[in-house]
Amino acid sequence: KQPFYIFQNDERLYRNFIKNTEEYTYRSVKVFNNFLYMVGQDTGKIYRIKLPLPFQPEAEIKNIEEVKFYKDDKEIKFEKPFGIAFDLDENVYITDKNLLYKFKKETDKYVFDWVKNEVGKISFKELRDLIVIEDEIFLIDGVNNIVLRIDTDGNYREHFGEVGVEGNDTGHLKNPTYITGEKNFIY
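When we follow this note's numbering, the leftmost residue of the sequence shown carries the number 5, and every step to the right adds one.
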């Protein structure tokens, strides 16, 4: 495990150290609404830092805060979260082992909307990273070796890869983990 560093370019390259992050494993890191969100897999927590960050070499970032999520006014505790993504309506989607959560933003907190452990005829095995593009979620299931395409209500649209079959040939994926993309392109 290593400290989490952020590199910024302002004619020179600066490295900013985020306080106390050497204790944790961060999986997904996303920027949304002037915040940097980080998924702490070891802690089961989601953190955020207000942007922009100071442009000073080796500056220690101290304004890291935990983001909390609620169901029926009780805080949800994640087991091993991995991915985080946001849609244009400020809903947040989080993967946690074989679960996909959706939360709606209400004033200053995120409130539970739904959770899925399968879509279509595919049961999730180990969800990893995800992205939202317009009204669609592209979701990695590493053990099933597929990329799922679902809508923001959790309805199945299609998938790429053969469920449960790993490979390096056309039509198969081998242990996919991270995803990014933009309209018409998934990487």
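By construction, the Cβ of each residue, glycine as well, lies at the ideal position given by its N, Cα and C atoms.
For E110, three-class secondary structure by DSSP: Reduced to three states, the DSSP call for E110 is strand.
Y191 burial status per 10 Å Cβ neighbour count (16 or more: buried): Taking a 10 Å sphere around the C-beta of Y191, we find fewer than 16 other C-beta atoms and assign the residue as exposed.
Same chain only: Cβ atoms within 7 Å of K54, ignoring 5 sequence neighbours per side: Cβ neighbours of K54 beyond the five flanking positions: N38, F39 and N67.
7 Å Cβ shell around P56 - same chain, five flanking residues per side excluded: So no residue of the chain qualifies.
Backbone CA spacing between D145 and D112 [nearest angstrom]: D145 and D112 have their C-alpha atoms some 31 Å from each other.
Buried or exposed by the 16-neighbour rule on C-beta atoms within 10 Å, applied to K106: Burial state of K106 is buried, judged by a 10 Å Cβ sphere holding 16 or more other Cβ atoms.
Rounded separation between L17 and D173 - CA only: Below a pLDDT of 50, predicted positions are generally treated as unreliable, and L17, at 44, falls in that range; no measurement from the model is reported.
Backbone CA spacing between V151 and L134 [nearest angstrom]: Each residue's Cα considered, the two are about 9 Å apart.
D133 - DSSP class collapsed to helix/strand/coil: In the structure shown, D133 sits in a strand (DSSP, three-state: E or B).
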